[in-house]
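A.B. asks:
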Amino acid sequence: MTGMVQGKVVVVTGAGGGIGREIAIMLANEGAKVVINDLGVSVTGEGGSATPAEQTKAIINQRGGESAISTESVASWNSARHIIQCALDNFGRIDGVVNNAGILRDVIFHKMTDDDWTSVINVHLSGSFYVSRAAAEHFRKQESGSFVHMSSTSGLIGNFGQANYSAAKLGITALSKSIALDMQRYNVRSNCIAPFAWSRMTGAIPANTPEQKARVAKIQQMTPDKNAPMAVFLQSDRAKDVTGQVFACRNNEIFLMSSPRPIRSVHRDNGWTPATVADHAIPTLQASFMPLDRSGEVFTWDPI
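Residue numbers for the sequence shown follow this note's numbering, so the first one is 368 and each next one is one higher.
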């Protein structure tokens with residue numbers, strides 16, 4: 368290891384397993400002191416246990432790294448502040464945040480309940496805001512810091528049965544861009560990663576038909592650790608000029624994802640009516656419409 372983040376203190380939420388655990392371990396291997404934040408809940412957000420966080424800590428300790436455990440929730444203003452305070456209490460500072468904590472409540476839109484919606488939004492989107500906001504005060508004072516937020520191609524592109532998750536994950540990209548714009552003057556960076564990985568969060572994907580089984584087999588090749596190098600790099604000083612970006616990591620591939628920009632325009636000197644929109648604007652623009660596709664229909668080739 369190169370010690371790329373030597374001496375930095377980084378909070379990783381949802382670090383009790385999967386992608387979060389691998390990021391925490393690699394950060395520690397590269398010299399960071401890590402706050403392992405995890406409630407130990409189920410994929411859908413029920414229950415709670417300190418065991419997952421303790422298991423991550425044990426791995427870090429075995430490799431000679433330094434870490435502390437926080438079992439506070441990301442989903443409220445006060446508990447998120449306690450997560451950041453854990454870093455200050457144990458290591459005296461905070462240099463980075465990886466917003467990775469998440470739950471799933473997948474259900475087709477017309478059957479989605481209020482609780483399905485609010486539970487996912489609260490953890491993913493509000494949680495990313497609360498933890499980032501708590502750290503931002505310290506980043507501003509020291510004029511340095513890095514945020515890494517986990518997005519998803521479910522939000523960037525689309526997927527069935529994930530209106531809550533997709534909305535949260537796309538919202539996180541806008542949150543990250545806003546943080547990058549607002550805090551650039553303080554040398555604070557904010558970026559997103561859309562990870563591909565087989566973990567608890569993808570373990571519920573159905574594998575009944577031959578097509579579904581083939582899809583799952585491809586995803587299983589993409590182990591959680593493949594997402595850690597980008598997250599660690601983004602926490603390092605070598606990423607000092609990288610901010611406001613969205614990356615996707617798929618096995619051995621790294622993608623830079625686009626943000627919405629105008630792709631075609633049409634105008635009329637005398638303005639528009641509903642009829643001229645129908646007769647002129649839509650026929651002109653329709654060739655450039657985005658298809659109603661999903662992540663798997665955009666990433667059509669096997670993971671490399």
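Positions of the beta carbon are idealized from the N, C-alpha and C atoms, including for glycine.
Taking the Cβ atom as the reference point for each residue, do N466 and F506 lie within a distance shorter than 9 Å?
C.D. replies: no
A.B. asks: Going by CA-CA distance only, name the one from P641, L394, K375 and A502 that's closest to I427.
C.D. replies: L394
A.B. asks: Report buried or exposed for V555, applying the criterion of at least 16 other Cβ atoms within 10 angstroms of its Cβ.
C.D. replies: It is buried - the Cβ of V555 has at least 16 other Cβ atoms within 10 Å.
A.B. asks: Kindly give me the distance between the Cβ atoms of A468 and T380, rounded to whole angstroms, as I take these residues to be in contact under 8 Å.
C.D. replies: Yes, A468 and T380 are in contact; Cβ-Cβ is about 4 Å, under 8 Å.
A.B. asks: Using DSSP's beta-bridge definition, name the partner residues of S437.
C.D. replies: In DSSP, S437 forms a bridge with N404.
A.B. asks: Using DSSP's beta-bridge definition, name the partner residues of G370.
C.D. replies: Bridge partners of G370: none, in fact.
A.B. asks: Would you please state the rounded distance, in angstroms, between the beta carbons of G412 and V498? I believe it to be under 8 Å.
C.D. replies: Not quite, the Cβ-Cβ distance comes to about 17 Å (not below 8 Å), so this is no contact.
A.B. asks: Do you know offhand how far Q587's Cα is from H647's?
C.D. replies: 47 Å
A.B. asks: Taking the alpha carbon of V464 as the reference point, which residue from F563, G385, S416 and K400 has its own alpha carbon closest?
C.D. replies: K400
A.B. asks: Which of the three DSSP states, helix, strand or coil, is assigned to S625?
C.D. replies: DSSP places S625 in coil when its eight states are reduced to three.
A.B. asks: With respect to the alpha helix (DSSP H) encompassing P419, which residues constitute its N-terminal and C-terminal limits?
C.D. replies: T418 to Q429
A.B. asks: What's the C-alpha gap between G512 and S495?
C.D. replies: 15 Å
A.B. asks: With burial defined as no fewer than 16 other Cβ atoms inside 10 Å of the residue's Cβ, what is the status of N531: buried or exposed?
C.D. replies: buried
A.B. asks: Are the beta-carbon atoms belonging to T423 and I450 less than 9 Å from one another?
C.D. replies: no
A.B. asks: Thinking C-beta only, is L523 closer than 9 Å to S662?
C.D. replies: yes
A.B. asks: What residue range does the alpha helix (DSSP H) around A595 cover?
C.D. replies: A595 to L601
A.B. asks: Look at S543 and S518 and say whether their C-beta atoms are less than 9 Å apart.
C.D. replies: yes
A.B. asks: By alpha-carbon positions, which one of V441, N457, I392 and V644 ends up nearest to H634?
C.D. replies: Of V441, N457, I392 and V644, the residue nearest in Cα terms is V644.
A.B. asks: Can you check which of these residues, V609, V372, F563 and M657, is closest to I386 by C-alpha distance?
C.D. replies: F563
A.B. asks: Along the alpha helix (DSSP H) that carries I630, what are the first and last residues, could you check?
C.D. replies: Here I630 belongs to no alpha helix (DSSP H), and DSSP marks it neither H nor E.
A.B. asks: DSSP on T610, reduced to helix/strand/coil?
C.D. replies: coil
A.B. asks: Grab me the residues of I475's own chain with a C-beta within less than 8 Å of its C-beta, minus the 5 sequence neighbours each way, in chain order.
C.D. replies: F527 and G528
A.B. asks: When the Cα of Q653 is compared with those of T418, P577 and R631, which residue comes out closest?
C.D. replies: R631
A.B. asks: Quick one: what's A615 bridged to in DSSP?
C.D. replies: A561 and F622
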